[in-house]
Amino acid sequence: DAGVIQSPRHEVTEMGQEVTLRCKPISGHDYLFWYRQTMMRGLELLIYFNNNVPIDDSGMPEDRFSAKMPNASFSTLKIQPSEPRDSAVYFCASSSTQGTDTQYFGPGTRLTVL
Amino acid sequence: AQSVTQLGSHVSVSEGALVLLRCNYSSSVPPYLFWYVQYPNQGLQLLLKYTSAATLVKGINGFEAEFKKSETSFHLTKPSAHMSDAAEYFCAVSVNTGFQKLVFGTGTRLLVSP
Numbered sequence: 045d046a047g048v049i050q051s052p053r054h055e056v057t058e059m060g061q062e063v064t065l066r067c068k069p070i071s072g073h074d075y076l077f078w079y080r081q082t083m084m085r086g087l088e089l090l091i092y093f094n095n096n097v098p099i100d101d102s103g104m105p106e107d108r109f110s111a112k113m114p115n116a117s118f119s120t121l122k123i124q125p126s127e128p129r130d131s132a133v134y135f136c137a138s139s140s141t142q143g144t145d146t147q148y149f150g151p152g153t154r155l156t157v158l
Numbered sequence: 309a310q311s312v313t314q315l316g317s318h319v320s321v322s323e324g325a326l327v328l329l330r331c332n333y334s335s336s337v338p339p340y341l342f343w344y345v346q347y348p349n350q351g352l353q354l355l356l357k358y359t360s361a362a363t364l365v366k367g368i369n370g371f372e373a374e375f376k377k378s379e380t381s382f383h384l385t386k387p388s389a390h391m392s393d394a395a396e397y398f399c400a401v402s403v404n405t406g407f408q409k410l411v412f413g414t415g416t417r418l419l420v421s422p
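Chains as they are written, first to last, in our numbering: chain A, 45 to 158; chain B, 309 to 422.
Here it is, written out as structure tokens:
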């Protein structure tokens, strides 16, 4: 199994630009999670999906952030417009209802907004 | 609401010494408990998990943790530290509700000196 795949691994952009982060979960997993990690705030859950449906988006910081899961094998996290304070590492994770809440993390996308 | 508290943002040990990373949880129902490890510039990797079976749980790389309900603790230990154990360690909790949502602690960075 290839594990959770995220792209790009690194993204540098300028303030005001749109940023799209991508995630491919482990095949057969029905939960998908987006996290943000910063030195100041640690690991924060932004949103999670079950069977492609958003279940809890209470962690999404503001309307500039949006996430979609058009099918079971793909999800995006979009920031528009981006701001310097969005600089962080964004992780995607997936898990299975058949498991015991074990989440498998991708390698992360390091976002730098100048 | 479920939560975990990790005591000590940094723990320093010498190579060969005992590793003890502390985690206390708060949960009104029987929890599932997890330890994840994050190596530099990588995603989180599951070390071990407690899911209401044996209270002493063995994980990868020689780590183990003991669930103590009376102390609401789930401390992570390793008898002899290795240089390669230097990483950040996260404790996490969930409840068996099927919602698959983990709540992570703030992390403990383990430093191993020669």
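C-beta: ideal position from N, C-alpha, C; glycine also. Since this is a predicted model, take the numbers as computed values, not measurements.
Check: With 9 Å as the threshold, decide whether the Cβ of THR363(B) is near any Cβ in chain A.; Outcome: no
Check: Please specify which runs of the beta strand (DSSP E), each continuous and at least 3 residues long, are wholly inside the segment 124-154 of chain A, giving them in chain order.; Outcome: 132-139
Check: I'd like to know if LEU354(B) contacts chain A, where contact means its C-beta is closer than 9 Å to some C-beta of that chain.; Outcome: yes
Check: How is GLY324(B) classed by DSSP in three states: helix, strand or coil?; Outcome: coil
Check: Can you name the start and end residues of the beta strand (DSSP E) that ARG66(A) belongs to?; Outcome: 63-68
Check: Between ILE70(A), ILE123(A), ALA116(A), LEU76(A), which has its C-alpha nearest VAL56(A)'s C-alpha?; Outcome: ILE123(A)
Check: Alpha carbons only, please: which of SER388(B), CYS331(B), HIS318(B), LEU326(B) is nearest the one belonging to GLU379(B)?; Outcome: CYS331(B)
Check: For the beta strand (DSSP E) containing ASP107(A), list its first residue and its last residue.; Outcome: Where ASP107(A) is concerned, there is no enclosing beta strand (DSSP E), given that its DSSP letter is neither H nor E.
Check: Below 6 Å CB to CB, which residues in the same chain sit around GLY316(B) once its five sequence neighbours on both sides are set aside?; Outcome: THR416
Check: Would you say the beta carbon of TYR79(A) is closer than 8 Å to some non-hydrogen atom of the ligand SAH?; Outcome: For the ligand SAH, the structure offers nothing, since it holds no ligand at all.
Check: Using a Cβ-Cβ cut-off of 9 Å, state whether ASP100(A) counts as contacting chain B.; Outcome: yes
Check: Mind checking who GLU372(B) pairs with in its DSSP beta bridge?; Outcome: LYS366(B), THR385(B)
Check: Buried or exposed, going by whether 16 or more other CB atoms sit within 10 Å of the CB of PRO338(B)?; Outcome: exposed
Check: Report yes if the CB atom of GLU127(A) is closer than 9 Å to the CB atom of MET59(A), and no otherwise.; Outcome: yes
Check: List the residues of chain A that LYS376(B) touches, going by C-beta distances under 8 Å, in chain order.; Outcome: Simply none; closest approach about 20 Å.
Check: Would the segment 364-371 of chain B count as touching the segment 85-96 of chain A if we require 3 or more Cβ pairs under 8 Å?; Outcome: no
Check: Can you have a look at PRO69(A) and say buried or exposed, based on whether 16 or more other CB atoms are within 10 angstroms of its CB?; Outcome: buried
Check: Buried or exposed, going by whether 16 or more other CB atoms sit within 10 Å of the CB of HIS390(B)?; Outcome: exposed
Check: Measuring alpha carbon to alpha carbon, tell me which of ARG154(A), GLN81(A), ALA111(A) ends up nearest TYR92(A).; Outcome: ALA111(A)
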